[in-house]
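Structure first, commentary second.
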Amino acid sequence: MFKLKSAMALSLSILLSFTTIMPAMAARVYNADTNTWEEASVAKTRNRGGSPVKREVVEYATNHKPGTVVVETDERRLYFVLEGGKAVKYGVGVGRDGFTWSGSHRITRKAEWPGWTPPPQMRKRVPDLPAYMPGGPENPLGARAMYIGSTLYRLHGTSEPWSIGQAVSSGCIRLTNDDVVDLYERVKVGALVVVNH
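Right under this line is the structure:
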């Protein structure tokens, strides 16, 4: 009986010592990307899937009318023109080398959780792409898409927030899903889209 009580007391003391150590350890988590320990609050913020570029209203001098979308591909930013010399600035991913373009078009259609039909040129480059992919969280077009004129290009969401600020797409302008939902609510069908390169 004495051995049993001693073993229980030892187990209880070990358990109590872990509960005093664990909260301190729980506040830090391992980041495999940087090979370091970091505060849990930092990791939680980083893993939310938000844009590495904060959406904000900025001063913006332009001759374009409010409601116009201006994409500055070299800057990796999209500006939605507001009244009074201001714009909402978003971080975007743009076309990689060989897939850049510029011009002015209109938004001809908007869609929520759109399906995706890869164009024939893309399927030729990547033969294992599906002929069609229904809308949803795994779809490359993300939560919203705004179709640009008669081009193959769109302003659309992405579930790959790391790609914002990068030149990685096949010509489409991508935003995080949070940002594309915000932009979608602002942009009207018929709005002018100006892409500068």
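Quick note on numbering: the sequence shown equals residues -26 to -1, 1 to 171 in mature numbering (1 follows the signal peptide of the UniProt record, and there is no 0). Note that the Cβ used here is the ideal one computed from N, Cα and C, for glycine as well.
For the beta strand (DSSP E) containing residue i, list its first residue and its last residue.
i: Glu46; result: Val43 to Glu46
i: Val62; result: Lys60 to Gly65
i: Glu33; result: Glu30 to Glu33
i: Glu86; result: Gly77 to Glu86
i: Tyr127; result: Looking at the DSSP string, Tyr127 is not in any beta strand (DSSP E), and its letter there is neither H nor E.
i: Met120; result: Arg118 to Ile122
i: Gln141; result: Sequence check: residue 141 is Ala here, not Gln. Ala141 to Ser143 is the span of the beta strand (DSSP E), which, as asked, contains Ala141.
i: Val27; result: No beta strand (DSSP E) contains Val27, which DSSP labels as neither H nor E.
i: Leu166; result: Leu166 to Asn170
Among the options, which has the Cα closest to the Cα of residue i?
i: Val142; options: Trp87, Val155 and Arg70; result: Arg70
i: Thr36; options: Glu49, Lys60, Gly139 and Lys28; result: Lys60
i: Tyr121; options: Ile147, Ser133 and Pro108; result: Ile147
i: Gly72; options: Val168, Glu159 and Ser144; result: Ser144
i: Ser78; options: Thr125, Leu115 and Gln95; result: Thr125
i: Asp48; options: Asp153, Ala85, Val68 and Tyr106; result: Val68
i: Thr74; options: Glu46, Lys84 and Val55; result: Glu46
Residue i to residue j, Cα distance in whole Å?
i: Thr8; j: Val100; result: Confidence at Thr8 is low in this model, with a pLDDT of 45, below 50, so its placement is unreliable and the value that follows should be read with caution. Their backbone Cα atoms lie some 31 Å apart in a straight line.
i: Trp89; j: Val155; result: Going by the sequence as given, residue 89 is Gly instead of Trp. The alpha-carbon atoms of Gly89 and Val155 are separated by roughly 16 Å.
i: Ala165; j: Arg29; result: 20 Å
i: Glu134; j: Lys39; result: 31 Å
i: residue 177; j: Gln140; result: Given that the chain is displayed from residue -26 to residue 171, the structure contains no residue 177 and the question cannot be resolved.
i: Arg97; j: Leu115; result: 16 Å
i: Val31; j: Leu56; result: 9 Å
i: Glu159; j: Met107; result: 24 Å
i: Thr132; j: Glu33; result: 27 Å
i: Asp152; j: Gly41; result: 19 Å
Just reading off the alpha helix (DSSP H) that residue i is part of, what are its end residues?
i: Met96; result: Pro94 to Arg99
i: Leu157; result: Asn151 to Arg160
What is the C-beta distance between residue i and residue j, in whole angstroms, given that I count them as a contact (C-beta under 8 Å)?
i: Ala119; j: Arg128; result: 5 Å
Going by the CB atoms, is the gap between residue j and residue i shorter than 8 Å?
i: Val43; j: Val161; result: yes
i: Tyr53; j: Leu157; result: no
i: Val169; j: Ser76; result: yes
i: Thr66; j: Arg80; result: Residue identity differs from the one stated: residue 66 is Val in this sequence, not Thr. Result no, Cβ atoms of Val66 and Arg80 do not sit closer than 8 Å.
i: Ser103; j: Pro111; result: Note that residue 103 is Leu in the sequence shown here, rather than Ser. In this structure, Pro111 does not lie closer than 8 Å to Leu103 by Cβ.
i: Gly58; j: Trp87; result: no
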